[in-house]
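At position 38 of the sequence shown the residue is numbered 22 (the numbering used here), and the sequence of numbers has no breaks. In what follows, a structure is listed as structure tokens, so that the remarks can point back to it.
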Amino acid sequence: MSDLVGDARAWSPDAQEAVRLLAVSALVEGRDRIEVAALFKVSVKAVDNWWAKWQAGGRDALLSRPRGRRVGEHQVLSEAEQAAVRQAVLDHIPSDLGLSGQLWTRGQRHAGR
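Put into structure tokens, the structure is as follows:
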């Protein structure tokens, strides 16, 4: 556990998960939440959050999960529509499509967002 010093966000997901599980185990064994926070060098709020998650969902609620959306999830345009937009950008300059300027800019490419 000596390698787990400093900002917990810099730890590997496995190390973060291990600390969460060990901290909750200490709470289950009757240790005080302030003592647990000091032992694992985390905030009392973090310990409280882990305890609440454990109470609501058990061990599974403390396990590491991938963050963010999966590739392709919640896309606004279909594959065919995306291909049509890419082709329009390749085949035209902005003024051909009623936009200002002669070059595509990041703002124009992201205007629909």
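Don't be surprised by glycine CBs; every beta carbon is placed ideally from N, CA and C.
Asked, Found
"Please confirm whether A7 and W38 have their CB atoms less than 7 Å apart.", "no"
"Count the CB pairs spanning the segment 45 to 56 and the segment -5 to 13 that are closer than 8 Å, and state whether there are at least three.", "yes"
"Helix, strand or coil for S79, going by three-state DSSP, please let me know.", "helix"
"Buried or exposed: where does V69 fall if 16 or more other Cβ atoms within 10 Å of its Cβ makes it buried?", "exposed"
"Just curious, the alpha helix (DSSP H) that W35 is in, first and last residue?", "V28 to G41"
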